[in-house]
Each structure stands twice: as C-alpha cells, then as structure tokens.
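In the working numbering, the protein residues as written are 1262 to 1645. Ideal placement from N, C-alpha and C gives every residue a C-beta, glycine not left out. Note that the coordinates shown come from a computational prediction; the quantities given were computed from them, not determined experimentally. Notes for the one structure printed next.
Written out as structure tokens, the structure is:
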C-alpha cells in the first residue's frame, strides 16, 4: 500500500511543497553521508539549533505582547471618552494624540513576526532531520526529543498500539471536540485580528490626530505592512511545483499496464478534488474577509461601536464559509452536466471550453463567499 501511494505521488503533475520542506529534503540528502553528519551535524549542532529556536520563540512572544499592547492602545483611542487604559498595572494616557505613531509601530511588527516565525519553523525542520539520524528508532526518538522539543500535547494524548488497546468512542469524540474548538478559536483569532486591524486603520484614516500628509503615509504604510505580512505567511504555505516528467511516466504506465493506468488516473482525480476543496475553503475565507473589510469601509458608519462592527464581520465570515462550499458544489455539478451535454468527446472546442469552465468555477468559489458576506453585512446595516 505504501509503494502504491508513493508511485501515485510520483505521477502527480503538480506537487505541493513548502520551501522549508524542499530545503529539509536537501539537508536530509546531505545527512545521508554519515561522515559529514557525524562531523558537522551531531548533538552539539542539535543543541545549538534548539537554543536558537528558543531565543526566536522568546522574541516572538515579546513581539506578540508589544503588538497586543499597541492594538489595545489603538482600540482604546477610538473611544473619545476614554483615551487611556491599564495593562498589568501600567497606565497609557492621551492615546488619541498618538494614533499615527502607534499604528506605525504596530504595523511594523507584523512582517517582522511573520519572517521570524517562518525562520523558526525552518530551524525546527532541520532539527527534526538531525534527530532522525541521532535516534533512528521512532520510539526512542519520541522520548529522546523531549529533552530538546516542547511537545505540549504529549501530556494528554494517549498512544495506542491497536494490538492490546484502542481508543474508546468517548475518547475519540472528545478528541474531535478538542480539534473543532481549536479550529474555531484559531479562525476567530485570525479573522478577528485582521478585522480589528482594518477597523483601527479606518478610525485613524477618518479621524486623524496629525497632518493629512502624515496620516496618509501612516495609513498607506500600515496597509502595505499588513499585506506584506500576509504575503510572507502565504509563501510559507505549500506552493505548487510542476513535475515535467509526469507525462513520460503516465505514457509508460499506459503502455505497460492499462488497467493500473486507469486506476491511477482515478486516484489522481480524487486527490485533485480534495486539494481543490481545501484551496476553495482557504480562498473563500480570504475573499470573505476582504469583502467584509471593503463593505465596512464603504458602507459602515463611523459612529458604530467597534464591538458591533467586529461581531458583524465575524458573523459574515463564518456564514460565508458555512454556505459557500455547498453552493459552489451545486453550481459545479450543474455546470459540468451542462458542459458534457453541450461538448461531447468528439467536439473540437471541448478542450478550450473546459478551460473556460474551470476558470468560471474557480471564480464562482471566490464570488459566492464574498457575495454571502456582503449580503449579510448590507442586511445588517439596513436594519440599523
């Protein structure tokens, strides 16, 4: 079964890998030379990596606290009757007079944090490859790595061998509940932080505390810094690379084993559908957030409380994610049925038309969540 999966993976025309995984693979090939591995990448190297990873983690924590303080300051500055707040006993006053500088500092932290976070994950990947050589046995490596890694989930995640024990239904259900809650919390924090940033930028743009030139510069810089941080984070996700040898491998498989060729194409199509669903969810999430930001900026009321704007924005995002995929699947099914009826296999325009249909379906997966989010917000604004 593992050989079959690896063969199918090798036949994929497009592979999705992160830059970190590609570099880790090159590092793993270098470690295959035992002389080099023992001379340069032994225990001292792993300990040095761990120290750097821990230092970066502490730096990220400091940046996160500083960013939280700055955002809370800007949040308090939006209320004209309360331009001060206390954080762990430290008071911050007259915040309304320093909104531009606070926004400038907060926006500057985002790309720095995204870059450091990616570099930390890169060092973690290098350390993992070294640990595989220092402790080749998986069970030994699991306990050996506890001296260097922070595996917080090991404290309440039970290991099962499925020979003498297996998880109870109640344990499995609890694990699914935990995963669901964590996903909701992560998505809420992600969407909430982004919407909070946009609301703060909107407040600074509409109610400046400095000259117009300085205000425009800070607002433009903040928007650019936010999207720079997003771009850095997206570049750390699995990105596609084309396997140009795919056609040769498929041709060889078709000639040697036609039945396996058909089965392989079926499996590749299923994998493509799963990846399409995952990317549709991610793109729909981004499209709905950007739509909420645009609708709030164009049609929102500056007098509306920020708590109300955030709650409405989060509601629009989750409503869009909930109904976007079922609606997009219905449209895809109806569109493909129409396509195969209008363009049979012997039609000369079939390939060109199929490319147009694929682009149209991708557009629909972006437009549907954006439309749902916009409609929800506009309905909320019309009732106020």
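Between the beta-carbon of residue 1321 and the beta-carbon of residue 1369, is there less than 8 angstroms? By 1-based counting over the chain shown, the position of residue 1321 is 60. By 1-based counting over the chain shown, the position of residue 1369 is 108. Taking 8 angstroms as the Cβ cut-off, residue 1321 and residue 1369 do not qualify as a contacting pair.
Kindly indicate the opening and closing residues of the alpha helix (DSSP H) around residue 1432. By one-based count along the chain shown, residue 1432 stands at place 171. Unbroken alpha helix (DSSP H) run through residue 1432: 1430-1467.
Could you compute how far the alpha carbon of residue 1593 sits from the alpha carbon of residue 1387? The residue you call residue 1593 lines up with position 332 of the chain shown. The residue you call residue 1387 lines up with position 126 of the chain shown. Each residue's alpha carbon lies about 42 angstroms from the other.
Rounded to a whole number of angstroms, what is the C-alpha to C-alpha distance between residue 1297 and residue 1380? Along the chain shown, one-based indexing puts residue 1297 at 36. Along the chain shown, one-based indexing puts residue 1380 at 119. Looking at the backbone, the Cα of residue 1297 and that of residue 1380 are separated by about 24 angstroms.
Presumed contact (8 angstroms Cβ cut-off) between residue 1365 and residue 1479, rounded CB distance: Locating residue 1365 in the chain shown gives position 104, where the first residue counts as 1. Locating residue 1479 in the chain shown gives position 218, where the first residue counts as 1. About 5 angstroms separates the Cβ atoms of residue 1365 and residue 1479, confirming a contact at the 8 angstroms cut-off.
Mark residue 1303 as exposed unless 16 or more other C-beta atoms lie within 10 angstroms of its C-beta, in which case mark it buried. Working through the chain shown from its first residue, we reach residue 1303 at position 42. Exposed, because fewer than 16 other Cβ atoms sit within 10 Å of the Cβ of residue 1303.
Exposed or buried, what is residue 1473 when buried is set at 16 or more other beta-carbons lying within 10 Å of its beta-carbon? By one-based count along the chain shown, residue 1473 stands at place 212. Within a 10 Å sphere around the beta-carbon of residue 1473 sit fewer than 16 other beta-carbons, which makes this residue exposed.
Assuming the contact rule is C-beta atoms closer than 8 angstroms, residue 1476 and residue 1461 should be a hit. Round their C-beta distance to whole Å, please. For this step, residue 1476 is matched to residue 215 along the chain shown. For this step, residue 1461 is matched to residue 200 along the chain shown. Rounded, the Cβ-Cβ distance is 13 angstroms, inconsistent with contact.
If we count Cβ pairs, one from each stretch, closer than 8 angstroms, do we get three or more for the stretch 1543-1557 versus the stretch 1615-1631? At 8 angstroms Cβ cutoff, the stretches touch.
Would you call the stretch 1582-1591 in contact with the stretch 1486-1500, where contact means no fewer than 3 C-beta pairs closer than 8 angstroms? No, the stretch 1582-1591 does not touch the stretch 1486-1500.
Quick check on DSSP: helix, strand or coil for residue 1605? Counting from one through the chain shown, the residue named residue 1605 turns up at place 344. Of the three classes helix, strand and coil, the one that applies to residue 1605 here is coil, per DSSP.
Going straight from the alpha carbon of residue 1601 to that of residue 1623, what length do you get? In the chain shown, the residue the question calls residue 1601 occupies position 340. In the chain shown, the residue the question calls residue 1623 occupies position 362. Taking the straight line from one Cα to the other gives about 18 angstroms.
My guess is that residue 1577 and residue 1634 are in contact by the Cβ rule of under 8 angstroms, so how many angstroms apart are they, rounded? Taking the first residue of the chain shown as 1, we reach residue 1577 at position 316. Taking the first residue of the chain shown as 1, we reach residue 1634 at position 373. Correct: roughly 4 angstroms between the Cβ atoms.
Can you have a look at residue 1446 and say buried or exposed, based on whether 16 or more other CB atoms are within 10 angstroms of its CB? Your numbering for residue 1446 matches position 185 in the chain shown. Looking at its Cβ environment, which holds fewer than 16 other Cβ atoms inside 10 Å, residue 1446 is exposed.
Report yes or no: is there a C-beta of chain D within less than 8 angstroms of the C-beta of residue 1462? The question asks about chain D, but that chain is absent: this structure has only one protein chain.
Integer-rounded CB distance, given that residue 1427 should sit under 8 angstroms from residue 1292: As a first step, residue 1292 is located in the chain shown; it is residue number 31 there, counting from the start. As a first step, residue 1427 is located in the chain shown; it is residue number 166 there, counting from the start. About 36 angstroms separates the two Cβ atoms, so there is no contact after all.
If you reduce the DSSP assignment to three classes, tell me which class residue 1412 lands in. In the chain shown, counting from the first residue as 1, residue 1412 sits at position 151. When secondary structure is reduced to three states using DSSP, residue 1412 falls in the coil class, being assigned neither helix nor strand.
Indicate the three-state DSSP secondary structure (helix, strand or coil) for residue 1476 in the structure shown. For the purposes of this step, residue 1476 is taken as the residue at position 215 of the chain shown. If DSSP states are grouped into helix, strand and coil, residue 1476 belongs with the helices.
Run the CB neighbour count on residue 1640, radius 10 Å, all protein chains shown included, and call it buried at 16 or more, exposed below. Sequence index remark: in the chain shown, residue 1640 carries index 379 (1-based). It counts as exposed.
When DSSP labels each residue in this structure, what does residue 1374 get in the three-state scheme? Translated into positions along the chain shown, residue 1374 becomes position 113. The answer is helix: DSSP assigns residue 1374 an H, G or I state.
Cβ atoms of residue 1311 and residue 1390: under 8 angstroms apart, would you say? Locating residue 1390 in the chain shown gives position 129, counting from the first residue. Locating residue 1311 in the chain shown gives position 50, counting from the first residue. No.
Cutoff 7 angstroms; reference residue 1625; Cβ partners in own chain excluding five residues on either side: Stepping through the chain shown from its first residue, residue 1625 is reached at position 364. Only 1589 and 1592 meet the Cβ criterion.
Can you check which of these residues, 1416, 1400 and 1324, is closest to residue 1378 by C-alpha distance? Working through the chain shown from its first residue, we reach residue 1378 at position 117. In this structure, 1324 is the residue among 1416, 1400 and 1324 with its C-alpha nearest to the C-alpha of residue 1378.
Coarse secondary structure for residue 1518, derived from DSSP in three states: Indexing the chain shown from 1 puts residue 1518 at position 257. If DSSP states are grouped into helix, strand and coil, residue 1518 belongs with coil.
To the nearest angstrom, how far is the alpha carbon of residue 1440 from that of residue 1456? Start at 1 with the first residue of the chain shown, and residue 1440 comes out as number 179. Start at 1 with the first residue of the chain shown, and residue 1456 comes out as number 195. A direct Cα-Cα distance of roughly 24 angstroms separates residue 1440 from residue 1456.
Limits of the unbroken alpha helix (DSSP H) element including residue 1402: Taking the first residue of the chain shown as position 1, residue 1402 is located at position 141. Where residue 1402 is concerned, the enclosing alpha helix (DSSP H) stretches over 1399-1405.
Residue 1398 versus residue 1405 - alpha carbon distance: Numbered from its first residue, the chain shown carries residue 1398 at position 137. Numbered from its first residue, the chain shown carries residue 1405 at position 144. If I take the Cα positions, the gap works out to 10 angstroms.
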